[in-house]
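Notes follow once the structure below has been shown.
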Amino acid sequence: MEPMDKRFFKQSTLQLAINLLGKTLVKESDAGVTAGKIVETEAYKGPHDRAAHSFNNRRTKRTEVMFGPSGYTYTYVMHTHCLVNVVSAEVGQPEAVLIRAIEPLVGIDLILARRGEGKALHELTNGPGKLTKAMGIDITDYGLPLFEKPLFIADGDGIAPEEISKGPRIGIENSGEAKDYPWRFWIANNQFVSRYRRKK
């Protein structure tokens, strides 16, 4: 698999959040290669979005990469879990897309070893902290270009999802009106989505 051209990332944050669905997130490391289809994302629209780290143009060491060009990696730690985001929008416009869940495609044995043997396949990467642990993505990946190896986004099978659902983002209850923005997107009926409801 080869990285997407960096021109892919030059689109609006909401559109990028949708168009990342079906693409493949890849991490190459000394331990091996892991990859998964992106099945769930959340958009964060910076200065005017109370749920964004860059709300009110908050510029810190952590958010600095968001003020740069699109297509770079924004990793941060929350509750001991590392989360991975794709920087979006124009330079000086600090926005990003959180990758919330992936469907494992490559390196499943390595993913199992990192996440713990005995877990069901759909439990390995169905959440933003789970997928980074599974793929060995951590804070040292901060600032890496996602259009170059070793951490990158590939086109995958090139087939766009048939149906995409949207709704409010998760875990941002204290963000005022922003908690209701329908800026979470996922591939409908995909069992690897973080809040997929399985039939009993």
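Residue numbers for the sequence shown follow the numbering used here, beginning at 31 and rising by one.
Idealized CB from N, CA, C, for every residue including glycine.
Note that this is a predicted model, so its numbers are computed, not measured.
CA-CA distance, residue i and residue j?
{"i": "P124", "j": "S195", "result": "25 Å"}
{"i": "E120", "j": "L181", "result": "22 Å"}
{"i": "L55", "j": "L113", "result": "13 Å"}
{"i": "E193", "j": "T110", "result": "33 Å"}
{"i": "I138", "j": "I167", "result": "15 Å"}
How far does the beta strand (DSSP E) with residue i in it extend, from its first residue to its last?
{"i": "L135", "result": "E125 to V136"}
{"i": "R37", "result": "Premise fails: R37 is in no beta strand (DSSP E) and is neither H nor E."}
{"i": "W213", "result": "From DSSP, W213 is part of no beta strand (DSSP E); its letter is neither H nor E."}
{"i": "S59", "result": "T54 to S59"}
What would DSSP say about residue i, mapped onto helix, strand or coil?
{"i": "G76", "result": "helix"}
{"i": "H152", "result": "helix"}
{"i": "I189", "result": "coil"}
{"i": "F182", "result": "strand"}
{"i": "A65", "result": "strand"}
{"i": "V121", "result": "coil"}
Identify the continuous alpha helix (DSSP H) that holds residue i and give its terminal residues.
{"i": "A47", "result": "T43 to N49"}
{"i": "G159", "result": "P158 to M165"}
Within its chain, find whatever has a CB closer than 7 Å to the CB of residue i; leave out the 5 residues flanking it on each side and keep chain order.
{"i": "E235", "result": "Residue 235 lies beyond the stretch modelled for the chain, which goes from 31 to 230, so this question has no answer here."}
{"i": "G122", "result": "F97"}
Using the beta-carbon count (16 or more within 10 Å), is residue i buried or exposed?
{"i": "V107", "result": "exposed"}
{"i": "G76", "result": "buried"}
{"i": "A61", "result": "exposed"}
{"i": "I132", "result": "buried"}
Leaving out the 5 sequence neighbours to the left and right, which residues in its chain are closer than 6 Å to residue i when beta-carbon positions are compared?
{"i": "K229", "result": "Legend: pLDDT at K229 = 47, less than 50; position of this residue unreliable, value from coordinates given subsequently. There are no such residues."}
{"i": "T162", "result": "C112 and V114"}
{"i": "K53", "result": "I68, I183 and G186"}
{"i": "N220", "result": "V69"}
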